[in-house]
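Count along the sequence shown starting at 1, add 68, and that's the number in my numbering. Report on one structure; see the data block that follows.
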Amino acid sequence: MKNKKHELSDNEWAILKAVWKSEPCTAPCIQEALEPDKGWAYTTVKTMMDRMVKKDLLFVEKIRNLHLYKSAITPEQAQKKEILRTLKRAFNGAVTPMMQFLIEHEEISEEEYQHLGELLKQRKLQK
Numbered sequence: 069m070k071n072k073k074h075e076l077s078d079n080e081w082a083i084l085k086a087v088w089k090s091e092p093c094t095a096p097c098i099q100e101a102l103e104p105d106k107g108w109a110y111t112t113v114k115t116m117m118d119r120m121v122k123k124d125l126l127f128v129e130k131i132r133n134l135h136l137y138k139s140a141i142t143p144e145q146a147q148k149k150e151i152l153r154t155l156k157r158a159f160n161g162a163v164t165p166m167m168q169f170l171i172e173h174e175e176i177s178e179e180e181y182q183h184l185g186e187l188l189k190q191r192k193l194q195k
């Protein structure tokens with residue numbers, strides 16, 4: 069992500085998720101995909117997408133009157149940035165208190181506990 073200080077808004081997340089599903093895509097395509105949940109007009113979506121280009125969140129390729137949009141960041145880059153921002157803001161950058169909070173306050177299935185245990189073992193072996 070080029071603009072490291074930019075935090076994604078809920079609307080930017082919605083647009084990025086729609087772009088990731090159908091890129092390259094046009095603003096009308098994204099407006100149609102988001103219409104049931106957001107009810108946004110085409111002009112609203114187009115304006116937001118053009119702003120996201122300026123923020124280095126999207127790329128645009130102009131072919132005559134056609135504007136094709138692609139994501140400038142991957143889902144993993146966006147997720148990492150969001151998690152690290154939350155980790156820093158809510159837990160002073162400490163992973164253990166965040167994990168403890170999630171374990172104590174979120175419903176986690178037995179299958180998820182086992183999977184988390186396996187992930188921790190694999191990570192420990194890599195170091």
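All C-beta atoms, glycine included, are put in the ideal place defined by N, C-alpha and C.
The C-beta separation of residue 95 from residue 117 comes to about 5 Å, placing the pair in contact by the 8 Å criterion.
Using a Cβ distance threshold of 8 Å, residue 80 and residue 125 count as a contacting pair.
Pairing residue 192 with residue 138, the inter-Cα distance amounts to about 36 Å. Fewer than three beta-carbon pairs drawn from the stretch 164–179 and the stretch 92–107 are found closer than 8 Å, and the two stretches are therefore not classed as touching. For residue 139, the enclosing beta strand (DSSP E) begins and ends at 134–139.
Rounded to the nearest whole angstrom, the C-alpha separation of residue 133 and residue 110 is 16 Å.
Distances from the alpha-carbon of residue 75 to those of 114, 130, 141 and 99 put 141 closest.
Counting other Cβ atoms within 10 Å of its Cβ, residue 83 reaches 16 or more and is therefore classed as buried. Relative to the Cα of residue 127, the nearest Cα in the group 188, 163, 92 and 190 belongs to 92.
Per DSSP, residue 100 is one residue of the alpha helix (DSSP H) stretching across 95–106.
Under the three-state reduction of DSSP, residue 122 is assigned to helix.
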